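J.:
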Amino acid sequence: WSVYENTLKSAKYIDLTHAFEPVQPVWPGFANARFKPAIAGRDIEGYVKASEEFTYDKHGFVASAYELTTDQYGTQLDPPSHWNPLGATISDLPATYAVRPLVVIDISGKVQTDEGYHLQVADIEEWEKQHGRIPEGSVVFVRSDWYRKWSDAARFNQKPFPGVSLAALKFLHLERKILFHGHEPLDTDTTPNLEGEHWLLHNDFTQAEGVANLDKVPEAGALVT
Numbered sequence: 029w030s031v032y033e034n035t036l037k038s039a040k041y042i043d044l045t046h047a048f049e050p051v052q053p054v055w056p057g058f059a060n061a062r063f064k065p066a067i068a069g070r071d072i073e074g075y076v077k078a079s080e081e082f083t084y085d086k087h088g089f090v091a092s093a094y095e096l097t098t099d100q101y102g103t104q105l106d107p108p109s110h111w112n113p114l115g116a117t118i119s120d121l122p123a124t125y126a127v128r129p130l131v132v133i134d135i136s137g138k139v140q141t142d143e144g145y146h147l148q149v150a151d152i153e154e155w156e157k158q159h160g161r162i163p164e165g166s167v168v169f170v171r172s173d174w175y176r177k178w179s180d181a182a183r184f185n186q187k188p189f190p191g192v193s194l195a196a197l198k199f200l201h202l203e204r205k206i207l208f209h210g211h212e213p214l215d216t217d218t219t220p221n222l223e224g225e226h227w228l229l230h231n232d233f234t235q236a237e238g239v240a241n242l243d244k245v246p247e248a249g250a251l252v253t
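For the sequence shown, position 39 matches number 67 in the numbering used here, and the numbering has no gaps at all.
#1: What residue range is occupied by the uninterrupted beta strand (DSSP E) comprising Tyr-94?
#2: With a 10 Å radius around its C-beta and 16 neighbouring C-beta atoms as the bar for buried, classify Ser-79 as buried or exposed.
#3: Can you give me the C-alpha to C-alpha distance between Ala-93 and Arg-62, rounded to a whole angstrom?
#4: Can you name the residues that DSSP bridges to Arg-128?
#5: Specify, as a first and last residue, the run of the beta strand (DSSP E) that Thr-140 falls within.
#6: Return the bridge partner residues of Ile-152 from the DSSP annotation.
#7: Is the shortest distance between the beta-carbon of Leu-214 and the beta-carbons of chain D less than 9 Å?
#8: Taking the alpha carbon of Tyr-125 as the reference point, which residue from Asn-185, Ile-42, Ala-236, Gln-100 has its own alpha carbon closest?
#9: Buried or exposed: where does Glu-153 fall if 16 or more other Cβ atoms within 10 Å of its Cβ makes it buried?
#10: If you draw a straight line from the alpha carbon of Pro-220 to that of Gly-144, how long is it in whole angstroms?
#11: Using a 10 Å radius around the Cβ and a threshold of 16 neighbouring Cβ atoms, would you call Trp-55 buried or exposed?
#12: With 16 other CB atoms within 10 Å as the buried threshold, where does Ala-123 fall?
#13: Take the Cβ of Trp-29 as the centre, count every other Cβ of all protein chains shown within 10 Å, and call the residue buried at 16 or more, exposed below.
Written out as structure tokens, the structure reads:
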């Protein structure tokens, strides 16, 4: 409780996720979700009939039903099992993922010039010149400001879009021993075989995709949960 009273209570909180919408960017192989009012699954005598929608006037509450075509929808954690049949699933990820130091590496200026720019090891080293060595076990998010295109679903997934190079991923995981990284697009890179995502998930690493609002977060000093 003292941690909450002394630190968390007065902290500034930033949501780094996109809200679910019926139409939003999603990998072309998947369809959009379906949103609709929840209906009763069976009769409850004197209260509701099966297949009837719940309403404030009649039942005192409403509820919503969501049909997701995929778990790869919106801001997401990609567990290794997404590509790796022997990899960890979401339920395998320990609760120790919950609170970690957050590193934000800003490549948004380079993306303005080259929309297909991918994070390089040199960008990481430049961050460390300013802020010190990346903490072991931290989470590294790559700011590109690509999230601002979220409302344009057709453009968001269209190449070119920013990414993270395989060399940068290997440096972060093998040299700096980070927990996981995250990026704003819905793919790690634009290589033909998605080499970065392939390497990550087949080596039992997790990643975050569709991250938002990194322009509102400091490059160093914050926590992510």
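From the three backbone atoms N, C-alpha and C, an ideal C-beta is built for every residue, glycine too. All of these numbers come straight from a predicted model, not from anything done at the bench.
T.: In this structure, then:
#1: 92 to 95
#2: exposed
#3: 8 Å
#4: Val-252
#5: The identity of residue 140 in the sequence shown is Gln, whereas the question assumes Thr. That residue, Gln-140, is in no beta strand (DSSP E); its alpha helix (DSSP H) goes 136 to 141.
#6: Its beta-bridge partners do not exist; DSSP assigns none.
#7: Among the chains in the structure shown there is no chain D, since it carries only a single protein chain.
#8: Ala-236
#9: exposed
#10: 14 Å
#11: exposed
#12: Per the 10 Å Cβ criterion, exposed.
#13: Within 10 angstroms of the beta-carbon of Trp-29 lie fewer than 16 other beta-carbons, which makes it exposed.
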